[in-house]
Each structure stands twice: as C-alpha cells, then as structure tokens.
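Report on the following structure.
Chains as they are written, first to last, in our numbering: chain A, 22 to 685; chain B, 2 to 130; chain C, 14 to 159.
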C-alpha cells in the first residue's frame, strides 16, 4: 500500500473561488492510502513546494497527488520538488482542478464535487504508480550526411565547423549534385559553379569531413546516438589514393560513344571519365557498362597511359561499416520522366528539351560551350517557347499533385538570359500562375517582362507538333485575350516537375523515417520541427523534404546542422521513461506491435526461457528499445496478449482512473 | 431557385464533373481542335457552369461545335472533363426543347459495333438538328 | 427544474496529451463553460486508448465516452490518431450492436488551439447523452456493491 500525500492548491482565488478547497482536502484525506492531506494558497510557490518536500520526508510518503493547475503547467515543477526530497519524480500525479474544473464551473457545489472526483482519480492512479528511471544512452560523435548536393555539402560543412566528424555518402562519382549542372542562379544571376565549387573544395580539405563518393548506404541499424551503417563503396576500377585526376586516360580511352550523363545525354564522353573539370574528388571512374576491358578483356589503354598506376580492373565493391550519432538525409531530386506528356513531343523532337537540359545548353562548360544552339541542327533558335507546370499541379495521375516551386523562377531566368544574350529571339512563356514569393523574386520576374520583353502568356500549351521543315508548331491558349495561338517555334523548353530521388523510398524504409505519398520525407512537425524526421536522430536537408530553391535549401541545411550539433554535443541522451515495455512471459511473438510502431522501436529476439517443468524453451519475444520509443502507446492496444504496456500510463492505471470517475 | 441554378445542378449531376477542381490553366482550350469555331471555349464552358450561366451556354451555337474528341479530358491536369459538361448541357437543351430525335427503341439497330456508343449518340443529336 | 431526480450523466473523456488535453486547458483558460459531468483522463496519444478502457467505463456505469485526439495529420506521433479512428470505428459499431447507442460514443479531433471547439463538443455531447438517459446496458451491478 502506498503512503499518499494530497496537496490541494488554492491558486489564490483561481481555484478557491469556486472550489471549496478545504472540503476537497478533507474528502480526499479519507481516501484509502492517503495519509496526509492539506490545502495551501500557492502550492507552486517556494513555500508550497517546501510543504510537499517536508511532507515527503516527515510522513514517509511514497506517492504525491497535487490538486492544482494543468500538469502541462507545473508537473515538471512538482516532480523536481519530489525528486529533491528523495521521492521518485514519477510518483507524482496532478489532478487538474483549475483549467478543467474551477475555471469552467460557476457553481461551488458542482465544482467541489468534480474536484473531489478528479482528485480521487489521481489517487487511484498513483496507487499503481511505480518508480521510473530515465535511461541513458551514449552518443557517437560523428554524423552521416546522405547525399552530396548543396544541401548535404552545407550541412556537412556546418557540422564539421563545430568540430564534429562528418561523412558524406554520394552515389555519383563526385559531390555537387544538381547545382553543378546549373548555369546561373536566380535572382542574382551569379554563376552556380563559381559559388558551389569552392564549397566542394572546402569539403575535400576539411579534416573533419570524409567523402564517400560513388557509394551508397546499404544498411542502417541502431537508434539515435548509436547508428551502425553499412556503406557500399562501388568499384570505380581506379585507385582513389593514386589517381591524380590528370585526365589523360579520359582523352585516350577509345570508347567515345558513351552518353554523357552530366550533360543529360546531349553529348558523349569516354568509358573512363571525370564528370566535370571541378569534380570532387577529382578521380576518374570507369563505366563498366561501356568499358571494353571490363566487358571482354580487350583494351587496357587507360592502364597503359596512367603514369600513377591507378587503374585496377580487378577492383571490387567494398563494404564499410561506420558508427554515427546522427543521420542527415539530403537525397535531393530529379526532374520527372515525361513519358506521360506525349503532347509536348519530347520524345519525338530533339528540339523539345527540359529546363535542366536547357541549363546545359547555355552553360559555358556544356556541350555547346555556352552558345545556345538547337540540338537537332546546331542552328541558332529565333523563337523559343517555355512551358511551365509540365507535370506539376497535376491531379490527373500523369504528373505530380504538388507545385514544384522552382520552375517559375528558373524559367524567368532562362527567358531573361536568352533575351539578354540574343535580343533577336522571341521568347514566350506559357504559365498557369507565376509564383514568385521570395526575396527579390517578383522584381526579377517583372524585370524579365518589363526590361527584357519576354512574352508572358496566361494559358497552357496544348500540343507541340514537329514539322518537316524542322520547326515546332505550338498550339496554345491565351486566356486573357481569349484566343488560341499557333506559334512556329525553333525550341520548346519544358519546365518538368521535380520528384524525390528514386533512392529515397528504400532509404526511408532503412531509416524508418516516414514519408508522404509523394516520397518526400515528413518532418516531425510541419511548423515547429521542420528539419527533423519524427524518427529521433534523423534530420532532413533540402528537397528530400519538399521542393525548395537553393537559398531555402542552404538555410534548411544549416538548420539541420544546428540540430545535429545540438545532438552530438551531448555526451549522453536521457530517454523518456514513460515508454512501452513488454512482458516476455506473456508475449507470443505475433509482431502486431512491431507493425504499428511508427518509430521502429520494437524488435524481436529469440530468447531462452526456463519453463516451470525445468525444460528450456526458445521463444520469440518483443523487445522495446527505450531510446527509440516515444511512448505513444499504439503497440499496447495492438498487443492481443496484453504483454505490452506503457510505463506511467499502464492499462491498470488508466482503468483505475476510469473506475474512480465512474464510482457513485 | 432560379432556372439557371436548377439547370446548373442538373448539368453537374448528369455530367458528374466537379468544376471546382479547375485551376484555370487553359490546357483544354489550348488543345481544342474546334476552338476557332466556338463562341465559348472549353475553359469558359467550365467557368460558366461554375458561375451558373447555363442559359447563355444553352443559347450558344458553340454547344454543337464540340467534336466530342475528348482531347480536353485527356489533357486536363486536374481531371475536370470539360467535354462531359458540353455533353450535359446538350442533353439539357434537347430535353427542354422536347426534341430528342432518338427514341430508345431505335438505338440497338443503329449501333455499329466498331463505333463507341457515345460518338453515335452525339453525332445523331448534332446532325439531326 | 432543479429537482433531485434530474439526470446527471457520467461522461468519461479521453484526451491526448498534445492536442486535446491542451485544447481542454485552453477552454479553461478562456473560461468557457461545459458541464461538470465531463471528467477528463489524460493519455499520451489517442492511440493509447484501449477499447477495454471504454468497455470498462460502460461496465462501471458511464453514460457516455468520448475520445479526443489531434486532427488527422497533426498527431504528435504521426499516425496514432489514425489507429485510434480505426479501432474506435470497429468498437463503436460493436457497442451499437450490443445496444449501446452510437450517440453515447464519439471520436472528435480537437487541436491545442481549439478551446472553443472543445467546450462546444462537450456541451453537445453531454446534451446528446442526457437526452438518451441512463445507460444500463453494460453496467455490472456487482461492481457497485463493492
């Protein structure tokens, strides 16, 4: 039997004005198990807290009930007071007789009666309380950043700057991501490479940062502070430590007809390649799908010309296992495939290009050295049509239901730059809405219209037909003048919707990080915890969480880094003690709890049990990882055998409250 | 309830179209092959039904310029289906004028197995006027 | 009519700690009235509410049980309220079958900002249950004699 003390607070007149506090403390004093019951003006004051502490010591209380304001207000205060008097803080329960009683009822008799019932419920609960101890777990002081685009780079740099080790895992041969493929960046028009490549070099030179390029995350185990990750380093057939990045092999390789993925297939590269001049790490990679030596053992030119002796045709995939305290997802995006949009003739004409291809066509390091030429005949285009929202805001099932956010601005940028460089071109932009909410964004768009004379037309393109004379006939609507337009264009640029990288879904499963229906990672709270995943220790950076432009990505990356630093700065993590717990003897290993757990906190173990008849049986039982469990209780209800219970809110405790409330 | 409101309800019900899904992109009109023949274009059609201007639509010859090619339905990114609205308003005209030229009993004989049924019905209404 | 025989229903309200309990607190802070017949039990999440708790309440003579959670999509634990909604749909239809009218049970989404909604919901629920009268269907009289 517990020795319970009841402390009824007046809260000045807030409670005492409508609740007869004296009657309450007297009535509750008669409850079974209650050995001490008083009322006081301000329980939360220094003097009030001392009353609690003294009573705990003098009356040898094992449980405390405070009848006062909401536990959301002062539960922590009273728990602390109890702890300082030597009582386990989880032996304190609060009966909310202010917000849920005195403030909402006017009649003294009614309010007093209700206050007594609420007090009784709290006493009934505390009878069944058990002392709880918050567990602790250590923190591995190293972070993993998955994805080496601008988001991952910024997060890694910020975390490394604070003195923690960071590993970047990038699946391509170089870090840099999509931003390396861009020409200029809106709204200031500075060149993407000029602002990005120094950051890439910083990553390579920072002694706290390790870059695993051409690598993928294969397995993630563990929990916040203690992740164990297997990284697959794919064979690049070049010894990274020996290659100097001189590029001689990439000039001598006889296999010249490999579509250049960096230029989106607009030109070709060799089978051994460095994606672009400023690649980090600047190391060659052999494409096994095209290399003659790897395919049929005939060639070996690169090995002959390499003075560093870096070529190794026998190289194998390598698995590296590392431990991390925090993981940042920065997997980024890709433009969608345009198979569902045949009306734009993307697959029929090389002169219909996506906006990312247009970036390469205008980039000084691109296939045309920055001169805007039609891919089909290499001629200068005179009429260019930009189509926005290709696959964005599409609920018909062909595209994506969301707004891709960046297209309005980059299209304005493309249109403006084209008009600036080639004033003899006619540039049309077809839009549904122009969305420019950002610093200097609308001014930028208006400049494209007012200063550069870009024709913005409210309406959509319905059909693009390639003609025999090489022109593209564009049929579109102009909703303002209410007419149908027919434009003979030389080049059509499609602002394709963006979608999360294909690897995101499998990664989300590995991390047990939740995702929405579009495969974007969900944040722990849409407003207040925007860079954390609901899964503890997993953080989100960049477009993997939702469409973003570069400035937004960088600020989110910095925010994610701040959260990571906050986590890694701790030596130990204190866990919430109100977590689920499974009774191994009752558990029948059905996995119901594992399936409903949103955090992946439940695993199954094959455990040996000494049975009553002295035999030893191996049974499959649930085991809760207390560091991962957040204490929602979903598993306790799913459990058919009643083995799973929640500490601090156990089945018996809640039933006791129900009983107390329903008692006459 | 005015006539227009009643007609609007009738059109919405018989077409099964939710006009509120339209985001005014105009792709239906961009794609329409008989655009130049029309007084009211597909996107206006959707908008006018939404605003309840059914009388104006019923009086317009545009109604019978629609080829029912369904390009607008095919291309609409929001799944609004403007051609179904045209069809519903046509139905309303015919019912109100009492000029349904087709008797249910005649239909089976007229059906061509190779033609979609919708096309036949549409064609009959259009050309028997 | 303040007679002795006036029926006062017993209502148990389960509120999740993050949204609805805070909503109830807000109703108090704003001094919004609702009947004293409602007694709130705090649970971490609406998905913590075991159907057994509700059966227990009816067994012990409750006249109505209401479960309040975060709005769909706002759950502190991301998916708890969806589990609750599904479980309660099943439970309530079973209770209806047992003769406990559907109006005696309810699931309501109340956010931490919806004090007014909390009070209005409780007013409405108490009025509904009061109209239905006492619930005897599942009550276990043996529990009362103890």
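No residue lacks a Cβ here, since even glycine has one placed at the ideal position from N, Cα and C.
- Taking a beta-carbon distance threshold of 8 Å, residue 35 (chain B) does not count as an interface residue toward chain A.
- About 5 Å separates the beta carbon of residue 326 (chain A) from that of residue 273 (chain A), a gap short enough to meet the 8 Å contact definition.
- Assigned with DSSP and collapsed to three states, residue 345 (chain A) falls in strand.
- Scanning the region 10 to 38 of chain B for uninterrupted alpha helix (DSSP H) segments of 4 residues or longer gives 28 to 32, listed from N- to C-terminal end.
- Residues 433, 436, 437 and 475 of the same chain have their beta carbon placed closer than 7 Å to that of residue 469 (chain A), with the five preceding and five following residues left out of the count.
- At a Cβ-Cβ threshold of 8 Å, residue 179 (chain A) and residue 582 (chain A) count as neighbours.
- Rounded to whole angstroms, the Cβ separation of residue 406 (chain A) and residue 510 (chain A) is 4 Å, and the two are in contact under 8 Å.
- Taking the Cα of residue 20 (chain C) as reference, the smallest distance to any Cα among C:51, C:92, C:100 and C:143 is reached at C:143.
- At a cut-off of 8 Å between beta-carbon atoms, residue 38 (chain C) makes contact with chain A.
- In terms of CA proximity to residue 149 (chain C), C:75 leads the group C:75, C:50, C:47 and C:63.
- Fully contained in the region 582 to 611 of chain A are the following beta strand (DSSP E) runs of length 3 or more, in chain order: 593 to 595 and 601 to 603.
- Residue 362 (chain A) and residue 419 (chain A) have their C-alpha atoms spaced approximately 8 Å apart.
- Per DSSP, reduced to three states, the secondary structure at residue 42 (chain B) is coil, with no helix or strand assignment.
- The beta-carbon of residue 7 (chain B) is placed no less than 8 Å from the nearest beta-carbon of chain A.
- If you draw a straight line from the Cα of residue 344 (chain A) to the Cα of residue 257 (chain A), it is about 24 Å long.
- In this structure, the straight-line span from the alpha carbon of residue 558 (chain A) to that of residue 646 (chain A) is close to 14 Å.
- Collapsing the DSSP output to three states places residue 465 (chain A) in a helix.
- Per DSSP, residue 406 (chain A) is one residue of the beta strand (DSSP E) stretching across 404 to 411.
- Interface criterion not met: the Cβ of residue 105 (chain C) is under 8 Å from no Cβ in chain A.
- Within its own chain, the residues whose Cβ lies closer than 7 Å to the Cβ of residue 456 (chain A), once the five positions on either side in sequence are excluded, are 424 and 429, listed in chain order.
- With contacts defined as CB atoms closer than 8 Å, residue 67 (chain C) and residue 138 (chain C) fail to qualify as a contacting pair.
- Rounded to whole angstroms, the Cβ separation of residue 29 (chain A) and residue 55 (chain A) is 12 Å, and the two are not in contact under 8 Å.
- When the five nearest sequence neighbours on each side are left out, the beta carbons in the same chain lying within less than 6 Å of the beta carbon of residue 664 (chain A) are those of 603, 604, 607 and 608, in order along the chain.
- With the criterion set as a beta carbon lying under 9 Å from some beta carbon of chain C, the region 148 to 165 of chain A has no members that meet it.
- Ranked by how close their Cα comes to the Cα of residue 201 (chain A), the residues A:543, A:279, A:531 and A:300 have A:300 in first place.
- Less than 8 Å separates the beta-carbon of residue 563 (chain A) from that of residue 170 (chain A).
- Residue 302 (chain A) and residue 235 (chain A) have their alpha carbons spaced roughly 10 Å apart.
- The residue from A:625, A:649 and A:639 with its alpha-carbon nearest to that of residue 619 (chain A) is A:649.
- Our two residues, residue 122 (chain A) and residue 88 (chain A), have alpha carbons roughly 11 Å apart in a direct line.
- Following the DSSP letters along the chain, one finds residue 239 (chain A) inside the beta strand (DSSP E) bounded by residues 236 to 244.
- A straight-line Cα-Cα distance of about 13 Å links residue 598 (chain A) and residue 100 (chain A).
- In terms of Cβ geometry, residue 33 (chain B) and residue 78 (chain B) do not form a close pair [threshold 8 Å].
- Closest in C-alpha terms to residue 24 (chain A), from the list A:593, A:499, A:49 and A:80, comes A:80.
- The CB of residue 417 (chain A) comes closer than 8 Å to the CB of 77, 78, 79 and 80 in chain B, given here in chain order.
- Using a CB distance cut-off of 8 Å, residue 117 (chain C) does not count as an interface residue toward chain A.
- Under DSSP, residue 666 (chain A) forms a beta bridge with A:602.
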